[in-house]
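A.B. asks: Residue 195 in numbering that gives the first Met the number 0 sits at position 196 of the sequence shown, with consecutive numbering throughout. Backbone N, C-alpha and C define an ideal beta-carbon position, used for all residues, glycine too. Before I ask anything, here is the structure I am working with.
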Amino acid sequence: MLIVTGATGQLGRRIVERLLQHVPAERIGVSVRDPDRAGDLMRAGVRVRRGDYDDPDSLRHAWDGAERILLVSSNAAAKGGDPLKQHRAAIGVARELGVGRVLYTSQVSCALDSHFPPGRDHAATEKMLADSGLPWTSLRHGFYAASAVAMNANGLEAGTLTGPEDGKVAWTTHDDLAAADAILLARGETFDGPTPPLTGSEALDLADLARLATDVLGRPIAREIVEEDAMERHARENGIPEGAIAVMLGYFRAARAGEFDRVDPTLAQLLGRAPTRMREFLATVQG
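Shown next, in the form of C-alpha cells:
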C-alpha cells in the first residue's frame, strides 16, 4: 500500500488524483481525519481510513500494510496546535510498522535558523526523520503560488500590494508539486533525505507580481512598501493572532534573506515539462 495523509486537503487530494495515474487504486490508501469527506476517493477504489496525527492508534489502523507513506505536513500551528508533536507521533508509528520509506512535504526555507517559522518546524521534522532509522525523503517544496494570491487578495482587489521590503520567491503551484510528489511516491527509486528545491522556473518579488497582475487583470496594480513595525501594529489592531503575525513577518524577513529565491530544474525534470509560470496561474485564478 502507498499511503497519503491529509488526502482531503488542498495538496493531499491532488497527490492522490495524480497517484491514480501511476498505480492501481487498490494499492492506494488514504489517512484522513474525516472519512466522510473522502467518499469520492472510496468510490474510485482507494482505501479510506480515519487517521489523525493526534491519535496514534488511528494511524496504526490507517497505515496497516503500508510500503511507503507520504506525510503531508501538519497545519496545526495555524490553529494553535503543535505540529512537531504530531509529526513525532506519526514518525513513531511509521517506525513501529516498519514502513519502507517515509516521504514528507517540507519546504525550501527548511533550516533551524530560518526567519520563517514553518521553515524551522520543517527542519526539526527532518531531523526526527534522520534520527528515526527509517529510509526517508523530504520533499523540499517551493512556496505555493496560491499563497501569493491569498496573502495579497485584498491588495489585488484594491489595486495595491502593500507590505515591507521583500525578496524574490520561486512560486510553485500545488498541481505541479502534487504531480511530482505522486511520481516520487509511486516509483521504486527516489531521493534519500532532502530533494533539491522543487520550484517553479522563475523567482518573483511583490513588484514583479504587481506588474504581472496589471497585465493579467487589465488594470493597474501598484507595489507599496511599508515599514514592518506599521504592518505588525496594523495586524494586532485587527485582531490577527500572534502566531499568524509571526508567520507573516517571518515571510518578509525570509524573502529578504533569499530563503525562497532558488530556482532549480529538478521539478521540471520530474514532470517532463516546464512548471506552470505565475502569469499562467494568475490568469487561471483571477480570470
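1. When DSSP builds the beta bridges, which residues end up paired with G162?
2. Starting from H140 and walking both ways along the beta strand (DSSP E), at which residues does that stretch end?
3. Go through the region 23-64 residue by residue and report every complete run of the beta strand (DSSP E) that reaches 3 residues or more, in order.
4. Sort A202, L216, L281, R210 by Cα distance to D263 and report the nearest one.
5. Applying the 10 Å Cβ sphere with the 16-neighbour rule, what's the burial state of G118?
6. Could you round the C-beta distance between G99 and R67 to whole angstroms and report it? I think they count as a contact, below 8 angstroms.
7. Below 8 angstroms, can you find three or more Cβ-Cβ pairs linking the region 164-172 to the region 121-138?
8. Starting from I90, trace the alpha helix (DSSP H) both ways and give me its first and last residue.
9. CB-CB under 7 angstroms to R222, same chain, minus the five flanking residues each way: which ones, in chain order?
10. Using the rule of at least 16 other Cβ atoms within 10 Å of the residue's Cβ for burial, across every protein chain shown, is P23 buried or exposed?
11. Count the other C-beta atoms from every protein chain shown that fall within 10 angstroms of the C-beta of G192, then say buried if there are 16 or more, exposed otherwise.
12. Please classify R100: does DSSP put it in a helix, a strand, or coil?
13. If you run the structure through DSSP and keep just helix, strand and coil, what is S131?
14. Determine the burial state of N151: buried for a count of at least 16 other Cβ atoms within 10 Å of its Cβ, exposed for fewer.
15. Report the option in G50, I182, D81, A212 whose CA atom is closest to the CA atom of R32.
16. DSSP beta-bridge partners for Q106?
17. Can you list, in chain order, the residues of its chain whose CB lies under 8 angstroms from that of L128, leaving out five sequence neighbours each side?
18. So what does DSSP say about G271, is it helix, strand or coil?
19. With distances taken between CB atoms, is the gap from L216 to Q285 smaller than 8 angstroms?
20. If you draw a straight line from the alpha carbon of H21 to that of E231, how long is it in whole angstroms?
21. Kindly indicate which residue of E25, R12, F251, E279 has the alpha-carbon position closest to the one of H114.
22. Report the CB separation of V107 from F142 in whole angstroms; it is logged as a contact under 8 angstroms.
23. Relative to the alpha-carbon of L176, which residue among R186, S105, D120 has its alpha-carbon at the smallest distance?
24. Can you round the beta-carbon distance between A37 and A6 to whole angstroms, since I take them to be within the 8 angstroms contact cut?
25. DSSP three-state label for V168, please.
C.D. replies: With the structure as the only source:
1. Here the question's residue 162 lines up with position 163 in the sequence shown. In the DSSP output, where bridge partners are listed per residue, G162 has I224.
2. Position 141 of the sequence shown, counted from the start, is the residue given in the question as residue 140. H140 -> beta strand (DSSP E) spans 135-140.
3. Those beta strand (DSSP E) runs which fall completely within the region 23-64 and span 3+ residues are 27-31, 46-49.
4. The count along the sequence shown starts at 1 and reaches residue 263 at position 264. The shortest C-alpha separation from D263 is found at A202.
5. Counted from its first residue, the sequence shown places residue 118 at position 119. By the neighbour-count rule (16 or more Cβ atoms within 10 Å), G118 is buried.
6. Taking the sequence shown and counting its residues from 1, the one referred to as residue 99 is at position 100. Taking the sequence shown and counting its residues from 1, the one referred to as residue 67 is at position 68. About 6 angstroms separates the two Cβ atoms, so the contact holds.
7. Because the criterion of three Cβ pairs below 8 angstroms is not met, the region 164-172 and the region 121-138 do not touch.
8. For the purposes of this step, residue 90 is taken as residue 91 along the sequence shown, with counting starting at 1. Per DSSP, the unbroken alpha helix (DSSP H) holding I90 starts and ends at 82-96.
9. Looking up residue 222 in the sequence shown gives position 223. Taken in chain order, the residues that qualify are L160, L205, A206, A209.
10. Along the sequence shown, one-based indexing puts residue 23 at 24. Exposed, by the Cβ-count rule.
11. Against the sequence shown, residue 192 aligns to sequence position 193. That one is exposed.
12. Indexing the sequence shown from 1 puts residue 100 at position 101. Reduced to three states, the DSSP call for R100 is strand.
13. For the purposes of this step, residue 131 is identified with residue 132 of the sequence shown, where counting begins at 1. Collapsing the DSSP output to three states places S131 in a helix.
14. Residue numbering aside, residue 151 sits at position 152 when the sequence shown is read from its first letter. Classification of N151: buried, given that the 10 Å Cβ count is 16 or more.
15. On the sequence shown, position 33 is the one that residue 32 refers to. Per the Cα distances, G50.
16. For this step, residue 106 is matched to residue 107 along the sequence shown. H140.
17. Taking the first residue of the sequence shown as 1, we reach residue 128 at position 129. Same-chain partners within the cutoff: I90, V101, Y103, W135, S137.
18. Along the sequence shown, read from residue 1 onward, the residue named residue 271 stands at position 272. Note: G271 maps to coil in three-state DSSP.
19. Position 217 of the sequence shown holds residue 216. Position 286 of the sequence shown holds residue 285. It is a contact, given that the beta carbons lie within the stated cut-off.
20. For the purposes of this step, residue 21 is taken as residue 22 along the sequence shown, with counting starting at 1. For the purposes of this step, residue 231 is taken as residue 232 along the sequence shown, with counting starting at 1. If you take the alpha carbons of H21 and E231, they lie about 46 angstroms apart.
21. Walking along the sequence shown from the start, residue 114 turns up at place 115. Scanning E25, R12, F251, E279 for the CA closest to the CA of H114 turns up F251.
22. The residue given as residue 107 occupies position 108 in the sequence shown. The residue given as residue 142 occupies position 143 in the sequence shown. At roughly 7 angstroms, the Cβ-Cβ gap stays under 8 angstroms, so V107 and F142 are in contact.
23. For the purposes of this step, residue 176 is identified with residue 177 of the sequence shown, where counting begins at 1. That would be S105, whose Cα lies nearest to the Cα of L176.
24. Residue 37 sits at position 38 when you count from the first residue of the sequence shown. Residue 6 sits at position 7 when you count from the first residue of the sequence shown. Your pair A37 and A6 checks out as a contact, with CB atoms roughly 6 angstroms apart and the cut at 8 angstroms.
25. On the sequence shown, position 169 is the one that residue 168 refers to. Strand.
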